[in-house]
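Novice:
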Amino acid sequence: MKLHAIGRSDKGRIRPHNEDAHLVEPGHGLFAVADGMGGHAAGEVASRLAIEAVRDMLSTGADGGGDEGVDALLRRAIQEANRRIAETIRNKPEYYGMGTTLVIGLVEQDRLWIAHVGDSRAYLLRDGSMKLLTSDHSLVNELVRLGILSREKAASDPRRNVVTRALGSGASVVPDVSQEVLLPGDVLLLCSDGLNTMVPDPAIESALASGGQDLEATSAALVDAANEAGGEDNVTVVLVGPAAQDDEAAARESSSSGSSATPGP
Ligand code: CA
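Okay, structure coming up:
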């Protein structure tokens, strides 16, 4: 399946640095977003280490290892990212406390695999309606699931940045891994929370739906919307669209621009 893809990242209007990183490799069906945390630029280091580990471990593709093989491969890649961050912290005490979220989208034929740790998200738009594919590993989401906090109140809760799982915070990390069937015309969105805490889901959905397969324009519209809503956080979006069969020229064009996207600035 041919894929269009684009990644776009912006530091927003408040933060001095961009601690997000991302990966766009349509040729390998590999996409990721990481949202680093930790003072003194350590967040940038953690997110970059995670993205590099994903590239090193997964850009050779899943090699037809079957469903179990892909699941195991994603988990190994995330453990390796965690290991590299922990090792860097051991060697450089100034990085103590750094960590990162990570969401990976891996496309194999018509299958989409999603693996995530933390509160970076994956959404899928199909036939004009958007579905959240991930469940945040965050304090407010735990409280919502327990019925202690309403989803409406969670959106403005001051604790909404508290993640309950991240890379770099322990000897091992447990990701959630899931899979979907990917259809021509679908649009996959991976994003850092700087998008979904600034822009409500219905507005994200309508930007995806009205943008169609013009991923470049849609990515700009989403980042602009986050900034217009206050831009309180770094914002990163990766958009992936399986090209229709009569659309192969467009796929080639945007694949080449997608491949040149760097893992964060
Ligand atoms: Ca963030």
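Counting in the working numbering, the sequence shown tops out at residue 1444, every number present.
Positions of the beta carbon are idealized from the N, C-alpha and C atoms, including for glycine.
Note that the structure is a prediction, hence the values are computed from the model and not measured.
1. Given a cut-off of 8 Å on the beta-carbon distance, is the pair Thr-1267 and Ala-1213 in contact?
2. Along the chain, which unbroken stretches of the beta strand (DSSP E) at least 3 residues long are found entirely within the region 1273-1346?
3. If you follow the beta strand (DSSP E) that Ile-1383 is in, where does it begin and where does it stop?
4. Residue range of the alpha helix (DSSP H) that Gly-1373 falls in?
5. What does Val-1419 pair with, by DSSP beta-bridge criteria?
6. With DSSP run on the structure shown, which of helix, strand or coil describes Leu-1202?
7. Is it a yes or a no for the region 1370-1379 touching the region 1410-1418, going by three-plus beta-carbon pairs under 8 Å?
8. If Asp-1298 sits next to Asp-1315, beta carbons under 8 Å apart, how far is it from one beta carbon to the other, in whole angstroms?
9. In this structure, does DSSP put Val-1402 in helix, strand or coil?
10. Within this structure, are the beta carbons of Ala-1200 and Arg-1227 separated by less than 8 Å?
11. In its own chain, which residues sit with a C-beta less than 8 Å from the C-beta of Ala-1408, not counting the 5 before and 5 after it?
12. Does the Cβ-Cβ distance between Gly-1326 and Tyr-1274 come in under 8 Å?
13. Give me the Cα-Cα distance between Gly-1284 and Ala-1221, rounded to the nearest whole angstrom.
14. Does the beta-carbon of Gly-1276, which I'm using as the reference point, lie nearer than 7 Å to any heavy atom of ligand 1?
15. Please report the distance separating the alpha-carbon of Asn-1320 from that of Leu-1418.
16. By Cβ distance, which residues of its chain are closer than 8 Å to Ser-1238, with the 5 residues on each side in sequence left out?
17. Give a yes or no on whether the C-beta atoms belonging to Arg-1344 and Val-1356 are separated by under 8 Å.
18. Nearest CA to the CA of Ala-1260: which residue from Val-1249, Ala-1211, Lys-1190?
19. For ligand 1, which residues count as neighbours when the test is a C-beta closer than 6 Å to any heavy atom?
20. Secondary structure at Glu-1411, three-state DSSP: helix, strand or coil?
21. Just mark Lys-1190 as buried or exposed, buried being the case when its beta carbon has 16 or more other beta carbons within 10 Å.
22. Looking only at DSSP bridge pairs, what is Leu-1209 linked to?
23. Is the CB-CB distance between Ser-1308 and Glu-1384 below 8 Å?
Specialist: Looking at the atomic coordinates:
1. The sequence position of residue 1267 within the sequence shown is 88, counting from 1. The sequence position of residue 1213 within the sequence shown is 34, counting from 1. Going by C-beta atoms, Thr-1267 is not nearer than 8 Å to Ala-1213.
2. 1281-1287, 1290-1296, 1300-1305, 1308-1311
3. Numbered from 1 along the sequence shown, position 204 holds the residue referred to as residue 1383. No beta strand (DSSP E) contains Ile-1383, which is instead part of the alpha helix (DSSP H) from 1380-1390.
4. The residue labelled residue 1373 in the question sits at position 194 within the sequence shown. First-last of the alpha helix (DSSP H) with Gly-1373: 1372-1375.
5. Locating residue 1419 in the sequence shown gives position 240, counting from the first residue. In DSSP, Val-1419 forms a bridge with Ala-1184, Leu-1367.
6. Taking the first residue of the sequence shown as position 1, residue 1202 is located at position 23. Of the three classes helix, strand and coil, the one that applies to Leu-1202 here is strand, per DSSP.
7. yes
8. For the purposes of this step, residue 1298 is identified with residue 119 of the sequence shown, where counting begins at 1. For the purposes of this step, residue 1315 is identified with residue 136 of the sequence shown, where counting begins at 1. About 4 Å; that satisfies the 8 Å criterion.
9. Your numbering for residue 1402 matches position 223 in the sequence shown. Residue state, collapsed to three classes: helix.
10. Along the sequence shown, read from residue 1 onward, the residue named residue 1200 stands at position 21. Along the sequence shown, read from residue 1 onward, the residue named residue 1227 stands at position 48. Taking 8 Å as the Cβ cut-off, Ala-1200 and Arg-1227 qualify as a contacting pair.
11. As a first step, residue 1408 must be located in the sequence shown, where it is residue number 229. So the list reads Met-1377, Val-1378, once near-sequence residues are dropped.
12. For the purposes of this step, residue 1326 is identified with residue 147 of the sequence shown, where counting begins at 1. For the purposes of this step, residue 1274 is identified with residue 95 of the sequence shown, where counting begins at 1. No. Outside cutoff.
13. As a working note, residue 1284 is residue 105 in the sequence shown. As a working note, residue 1221 is residue 42 in the sequence shown. If I take the Cα positions, the gap works out to 25 Å.
14. If you number the sequence shown from 1, residue 1276 lands on position 97. Not under cutoff, so the answer is no.
15. Along the sequence shown, one-based indexing puts residue 1320 at 141. Along the sequence shown, one-based indexing puts residue 1418 at 239. Their Cα atoms are separated by approximately 24 Å.
16. Counting from 1 along the sequence shown, the entry for residue 1238 is found at position 59. Same-chain partners within the cutoff: Glu-1204, His-1207, Leu-1209.
17. Within the sequence shown, the letter at position 165 stands for residue 1344. Within the sequence shown, the letter at position 177 stands for residue 1356. Going by C-beta atoms, Arg-1344 is not nearer than 8 Å to Val-1356.
18. If you number the sequence shown from 1, residue 1260 lands on position 81. With distances taken between Cα atoms, Ala-1260 lies closest to Ala-1211.
19. Asp-1214, Ser-1371, Asp-1372, Gly-1373, Asp-1412, Asn-1413
20. The residue given as residue 1411 occupies position 232 in the sequence shown. Note: Glu-1411 maps to coil in three-state DSSP.
21. Start at 1 with the first residue of the sequence shown, and residue 1190 comes out as number 11. By the neighbour-count rule (16 or more Cβ atoms within 10 Å), Lys-1190 is buried.
22. The residue labelled residue 1209 in the question sits at position 30 within the sequence shown. Answer is Glu-1204, Leu-1285, bridged to Leu-1209.
23. Mapped onto the sequence shown, residue 1308 falls at position 129. Mapped onto the sequence shown, residue 1384 falls at position 205. Yes, these two residues count as a Cβ contact at 8 Å.
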